[in-house]
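Enquirer: Have a look at the structure that comes next, please.
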Amino acid sequence: MRKTLSQKLCSSLIIPMLSGIPLAHAEILVLLPERGALAPAAQSVKDGLSAAYYAGTQRPALRFVDSSDQPMDILLAKEVKSDTELVIGPLAREQVGELVNLSPKVPVLALNQVPQSQRNVWQFALAPDEDAITLLKTMQGDGVTQLSIVTEPKFTSGQRFKEALLKSGKMKTIDIKAIPTNLPANQGLLILGDAQWVSQQKLPKERVYIPAFAFDRRLPVQTGLQFCDTPALLRADWPELNALNKAQPAPSNVQRLRAFGADAWQIALLIRDHALSAKFSGRTGLMTLNNQDINRVPICFQATSGGLVPK
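Residue numbers for the sequence shown follow the working numbering, so the first one is -5 and each next one is one higher.
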């Protein structure tokens, strides 16, 4: 039977790393779906988490459990054991919503976000809202006071990102049908569409912005284009992700989820160590933990003739 990437990483790294190191008795329970629409995303998260796990020095026992279509009260009652010290997951937003109403007895790092909060539950996600707010600050730094928005025909995936921009109330926006050739000094242009479509458009050279999901490193990026994204896609600062992505090349959306899984593991260790606050340069952005609040600030980049450079 063909090994998964997580199993291959385990085989190649765990034997030398565990030599002479006593195994911990406590376990961390990881709840990820193995079936359904979220299964591919969950596998990418698992691969990234596993890569960070085996690259680190703290390796408590991990137990992965399929969370597909299971009510959270039944799942937790069945799977949380006396030696479970932390739960990572679930990934589905609906299950996180169930979770915050349960008052879990062990700390939980949920891998999605809902408006409600609960003691003992931390919520971490690659939220479009964080990307939108960060990109908005970049626009304001460029002197943009009015934003024109062009959307690829029949494209709906950017709606939450667009709503986050509008909700801020800090930018006057207008929807337009055609991409202008030039922009006035105080005007910016936001392009909402998939990466393939965006790469085929003729764009102005200044104050043109896209969300992270419209960037794919396999496609050419036009000079002047700006976006805010997970640093791990554009910086080789994390050897475990470099090895993972080299062993199994993948599109940018998969690499983002791998980076997310690796950051989730780093946050889990902080929660396990009872850290009340922490800051670190994460694979998905600048991370700040304050009690149960987790804040992620992605890094913004601009395409130049010499390549992509941080803003």
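Heads up, the beta-carbon is just placed ideally off N, CA and C, and yes, glycines get one too.
1. I'd like to know if the segment 136 to 147 and the segment 180 to 189 are in contact, where contact means that at least 3 CB-CB pairs between them fall below 8 angstroms.
2. My understanding is that Glu333 touches Leu177, with C-beta atoms under 8 angstroms, so please give their C-beta distance in whole angstroms.
3. Between Ala237, Phe149, Leu219 and Val192, which lies nearest to Tyr48 when the distance is taken from Cα to Cα?
4. Starting from the C-beta of Arg154, find all residues in its chain whose C-beta is less than 6 angstroms away, skip the five residues before and the five after it, and write them out in chain order.
5. Please state the DSSP three-state secondary structure of Trp308.
6. State the DSSP-derived secondary structure class of Ile173, mapped to helix, strand or coil.
7. How would you write the range of the beta strand (DSSP E) that Glu21 sits in, first residue to last?
8. Within a Cβ cutoff of 6 angstroms, which residues of the same chain sit near Asp169, ignoring the five residues on either side of it in sequence?
9. Label Ala206 either buried or exposed according to how many other C-beta atoms from any shown protein chain fall within 10 Å of its C-beta, with 16 as the threshold for buried.
10. Sort out for me which residues DSSP pairs Met307 with in a bridge.
11. Would you mind working out which of Val100, Gln112 and Ile82 sits nearest Gly91, comparing C-alpha positions?
12. Which residue wins for smallest C-alpha separation from Arg290, given the options Arg277, Ser97 and Leu263?
13. Out of Ile68, Ser271, Gly50 and Leu85, which has the shortest C-alpha to C-alpha gap to Ala36?
14. DSSP on Cys222, reduced to helix/strand/coil?
15. Quick check: what's the CA-CA separation for Ser97 versus Asp67?
16. Once the 5 residues before and after Leu130 are set aside, which same chain residues still bring their CB inside 7 angstroms of it?
17. Mapping the DSSP letters down to three states, classify Glu79 as helix, strand or coil.
18. Label Leu270 either buried or exposed according to how many other C-beta atoms from any shown protein chain fall within 10 Å of its C-beta, with 16 as the threshold for buried.
19. On the CB-based measure, 16 or more other CB atoms within 10 Å of its CB, does Arg252 come out buried or exposed?
20. Specify whether the segment 282 to 302 and the segment 217 to 237 touch according to this definition: at least 3 beta carbon pairs, one from each stretch, less than 8 angstroms apart.
Expert: In brief:
1. Of all C-beta pairs linking the segment 136 to 147 to the segment 180 to 189, three or more are shorter than 8 angstroms, placing the two stretches in contact.
2. The shown model of the chain, from -5 to 305, leaves out residue 333, and the question about it has no answer.
3. Ala237
4. Pro122
5. Residue 308 lies beyond the residue range present for the chain, which begins at -5 and ends at 305; the question has no answer from this structure.
6. coil
7. Glu21 to Leu26
8. Ile143
9. buried
10. Residue 307 lies beyond the stretch modelled for the chain, which goes from -5 to 305, so this question has no answer here.
11. Of the listed residues, the one whose Cα sits closest to Gly91 is Gln112.
12. If we check each option's Cα against that of Arg290, Arg277 comes out closest.
13. Nearest C-alpha to Ala36: Leu85.
14. strand
15. 10 angstroms
16. Leu159, Ser162, Lys164 and Met165.
17. strand
18. exposed
19. buried
20. Short answer: they touch.
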